[in-house]
Structures are given as C-alpha cells and as structure tokens.
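Note sheet for the following structure.
Protein chains: 2
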Amino acid sequence: MRSANDDRTARAIIRDRALELFAVHGPARVTVRQIAGAAGVSPALVIHHFGSKEGLRAVVDEHVASVFDGLLQRAARGELVTSDGASFAEALLRELPPDSPVPAYLRRLLLAGDSAGTEVFRRWFAVSRATVEELVAAGVMAQGRDPVVRAAFVMVNDLMLLLVRDQLADVLGVDPLGPEGATRWAEEVLAVYRDGLLTPEGESR
Amino acid sequence: MRSANDDRTARAIIRDRALELFAVHGPARVTVRQIAGAAGVSPALVIHHFGSKEGLRAVVDEHVASVFDGLLQRAARGELVTSDGASFAEALLRELPPDSPVPAYLRRLLLAGDSAGTEVFRRWFAVSRATVEELVAAGVMAQGRDPVVRAAFVMVNDLMLLLVRDQLADVLGVDPLGPEGATRWAEEVLAVYRDGLLTPEGESR
DNA sequence: CTTTGGGCTGAACATTTGTTTATATTCCTA
DNA sequence: TAGGAATATAAACAAATGTTCAGCCCAAAG
Chain A
660 MRSANDDRTA RAIIRDRALE LFAVHGPARV TVRQIAGAAG VSPALVIHHF
710 GSKEGLRAVV DEHVASVFDG LLQRAARGEL VTSDGASFAE ALLRELPPDS
760 PVPAYLRRLL LAGDSAGTEV FRRWFAVSRA TVEELVAAGV MAQGRDPVVR
810 AAFVMVNDLM LLLVRDQLAD VLGVDPLGPE GATRWAEEVL AVYRDGLLTP
860 EGESR
Chain S
660 MRSANDDRTA RAIIRDRALE LFAVHGPARV TVRQIAGAAG VSPALVIHHF
710 GSKEGLRAVV DEHVASVFDG LLQRAARGEL VTSDGASFAE ALLRELPPDS
760 PVPAYLRRLL LAGDSAGTEV FRRWFAVSRA TVEELVAAGV MAQGRDPVVR
810 AAFVMVNDLM LLLVRDQLAD VLGVDPLGPE GATRWAEEVL AVYRDGLLTP
860 EGESR
C-alpha cells in the first residue's frame, strides 16, 4: 500500500489538498480539520505525518518552491518556449495543468515575505539577470546605464502578471494570461521594449 | 475623560492600532485582544465600537481606501509633484509619514481580491488611463496599438514598487522607493520609456 | 501462526478565539 | 441636581483550534 505508487500515499494526498486550500484562502484561514476533510482523513493523521500545521506548511512551501525551481531551470536552459514574448510567467502557466494551485500558492509565497518566498524571488532574479546578460552579449538587448536595475525591471514586468492577474483581468475585461490577453499584453510590451512609449516631441523635452 | 489626556477618541485609537497590526500581520492573524492591548483598552470595547472584528476590518478598509482616494484625486489634479518620473507610488510614499502603515495595508488590500481592494485598483486604473490619455493628447506619449493595455502596463509598472518593494530591496541592495533607489529606478524606467531596451540589431530581427 | 510495527482513528484536552452580559463610571442636559 | 446616554470594563461563554493519547487495523517479517 505504501510503496504501490508514491504519489497516492495519504501523506502526498494531504500535502496536495493543503496546497490547494492554502493557495485559495491562505494558511492562516485554513484549519487542520478542513485539510483532513478534503483529504478524506482524520485530523490526527495530518499531525502524525507532518508534526504540526506549521510543519505541513513548511513542507508545502518546499514542494511548491521545488516545482518552481524545476521550471525555472528549464527556462534558464531555454527548454521552455514562450509563444509571444519572453514571459516566464506565461510559460509557467502553460507548463502546469490549467487548474493547478501552484501559481496561486506561488503568489502568496512571493508576497508573504518569509524566507521561502525570499529565496524563490532571489532565484528568479538570478535567472532573469543571467538571461538579460545573455541577451546583451548577443547584441539583442541594450545594457543600459544600470544593468542590475534594468534586469529587475524586466523581471518585475513579468512577475506582475502572476501577482495582479485577476485585477488586470477585471479592468481590462480579458485575462492577461489567457489566450487572447497574453497576445495583446506581449505585443504591447514588445512594442514598448522596441520603440519606447514617448513620442519624438516627448523625447526632446 | 476622552479629552483629558488624548485628543483622539478611543474609537479612532482602536482603528489606527488595528490598521497597524493588520498591515503587518494580516487581519486573520491579529486577534481582538492584541488590538485591544495595543490600544490600551478592553477587548469588549473593540466589539462595542465596531460590532465585530469583521466590522472593524471593514472600517479600516474604508479608511485606508479613503486616504488612498484623497491622494489619488490630488495626483489626478497634478497637485502631487513627483521628483523623477511620474511614479504615483513614489508620491504616495512621500506624502505619507515615513512610518505610516497605509502603504503596507494598501498592499494587502490590493492583493486580497475582496471588493474594497478591487475598487481601489479600479480607481487607480481609471486615473492612470486618464493620465495616459492626457499625455497622448499633449503629444508626449505615443498612443500605441492597444491604448488600454498600454495604460495598464504603465500603471502596473508603478504599482509593482508598492507590491514587491521589500523583495526588490533585498536583491538590489537598495530600497527602490528610498532616496537613492527611487532615482536609479526612475532613471532606468525613463530610459526604457524613451529608447526602448532593444538594440538596433535586436529591433531588426 | 504469531509478532511487530507503522498507518490510521475517535475521543478528549488545553488554549485561544470572537462575542455577550452585567455592571460600573463619566458626561451632558433638562 | 436628577437622570439618561455614552464610555468602558471584568467575567464569563460557546465555539473552534491545534494537538495528544490510547488503541484499532492490517500487511509483512520471523
């Protein structure tokens, strides 16, 4: 039973249900009993497997971070093809199942400010910085006066799609990470990256 | 008693302490007793004044949203001078006391996804869109192929400073909304807005 | 077959939670 | 000055929370 298929152990089921619930409501507003109920298991078993609710949260953090790192490494090696721009957020969405709770959990992780989220942010930035350096070396991207800030700017332009996706969908009337919205968004970003967004008159001010 | 030692009513004190605690830890992880303790008041008084913890949260939401709206209106009228770029986030920070919990609370409000935050986001977007239209009409900014998306792009570039300020400070080594960081960030954003960030070779791809 | 050990549970426990109730104290006003 | 409203609190309450504990179940080792 235990080693039949690893991903169907009760432990893994509990972890995945907790991941889903944490992603939607946040860890503070999810109870051990809710997780146990969603996993079809007793609350005591949750504690038995993870020591405490906080221990479970740490395991989920680690799991999501490792999924993220896997995708980040593949992106760094150029294994992820982005259809329009060079959006990693878009590629992330494409690589995961459509109903995956990972993006929403990543959002919380990145914004929470605790160590796991900080680490994820740092790694994303490191890859982003390296990618920008490659593009500069390839003569495609201009280095600019402040390359580190420029790399951060490019990264954050990507990251924000993950963070304010719902709010943008609300005001734009189209999901900026959906089929139509992603195209429109990528086209506009590319246009700004190519031509800037000031007119010649504006530039000469 | 109310005017003896403190010019502020206990109700206002409770609201402000709750605002501070909610901003740092999030409403779900702050207890009524913590708020009462911080305000130097009994837990029962908190309920007496606001009906419930949820009622208190709603009042704080409304209060922060109204502070935000006030600043947004002033910005829309051009009353807020931004030193470097046209960053509203930067102006917001400058107009508030340095230790104000409002920016941190706004961050939570914007990301929480409930109605109060959605409204704030919509209003910010409306002002952002109007500002972009003015700049286009003045011949300073290029309208682009997709003006709505372009306005959203500009707005979100600004908004992100509020949302990932701490994470950026961590990887950049300098607070992007502090004296030095704001200048570096604004210069780089302006450079991209003016010249784009692709080289001529990159453009001709 | 017996033993053993881990997965698993029901029931209970100690705290913490938001809230209520009854009661004081203070302030304004008729 | 009497009285009612507003302000405030201590104490208690019911519900919910994370966690513990004794013991059941069952597959596999001896």
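Protein sequence lines, in the order shown, are assigned to chains A and S.
One rule links them: number in my numbering = place in the first sequence (from 1) + 659.
One rule links them: number in my numbering = place in the second sequence (from 1) + 659.
Ideal placement from N, C-alpha and C gives every residue a C-beta, glycine not left out.
Suppose you measure from the CA of residue i to the CA of residue j; what does that come to, to the nearest Å?
i, j, result
"A:L866", "S:R843", "There is no way to answer for residue 866 of chain A, as the model of chain A reaches only from 660 to 864."
"S:R864", "S:L857", "Unreliable positioning characterises S:R864 in this predicted model, as indicated by a pLDDT of 46, which lies under 50. A coordinate reading is not provided."
"A:L770", "S:L770", "9 Å"
"S:I673", "S:L752", "24 Å"
"S:V719", "A:A734", "42 Å"
"A:D758", "S:A695", "41 Å"
"S:F784", "A:V851", "19 Å"
"S:S774", "S:A717", "11 Å"
"S:E713", "S:R736", "34 Å"
"S:A789", "A:A789", "37 Å"
"S:V799", "S:V779", "27 Å"
"A:G776", "A:G685", "14 Å"
"A:V807", "A:G772", "22 Å"
"S:H708", "S:E754", "30 Å"
"A:A801", "S:Q732", "37 Å"
"A:L849", "A:V740", "16 Å"
"S:S711", "S:A703", "10 Å"
"A:E721", "A:P859", "49 Å"
"S:Q693", "S:R667", "20 Å"
"A:A698", "S:D675", "40 Å"
"S:L794", "A:A671", "54 Å"
"S:L768", "A:L768", "17 Å"
"S:S725", "A:S725", "41 Å"
"A:F812", "S:F812", "12 Å"
By the DSSP assignment, the alpha helix (DSSP H) with residue i in it spans what residues?
i, result
"A:T858", "Segment: none, A:T858 is in no alpha helix (DSSP H) and carries neither H nor E."
"S:R736", "Unbroken run through S:R736: none, as it is neither H nor E."
"A:M800", "That residue, A:M800, is in no alpha helix (DSSP H); it is neither H nor E in DSSP."
"S:D834", "Element bounds for S:D834: n/a, residue is neither H nor E."
"S:R753", "747-754"
"S:R692", "691-698"
"A:V761", "761-771"
"S:R676", "669-684"
"A:V815", "806-822"
"A:A703", "702-709"
Can residue i and residue j be called in contact, C-beta distance under 8 Å?
i, j, result
"A:A677", "A:V700", "no"
"S:A841", "S:E749", "yes"
"A:F727", "A:D817", "no"
"S:L822", "S:R766", "yes"
"A:G855", "S:D854", "yes"
"S:A687", "A:A687", "yes"
"A:V683", "A:A763", "yes"
"S:R782", "A:V830", "no"
Compute the beta-carbon to beta-carbon distance between residue i and residue j, rounded to the nearest angstrom, for a pair I have assumed lies under 8 Å.
i, j, result
"A:M814", "S:V815", "Not confirmed; about 13 Å, so no contact."
"S:E847", "A:G832", "31 Å between Cβ atoms; not a contact."
"A:L715", "A:V705", "7 Å"
"S:V689", "S:F681", "6 Å"
"A:A810", "A:V786", "The pair is not a contact, with the Cβ atoms about 10 Å apart (cut-off 8 Å)."
"S:P760", "S:E679", "4 Å"
"S:P835", "S:R824", "6 Å"
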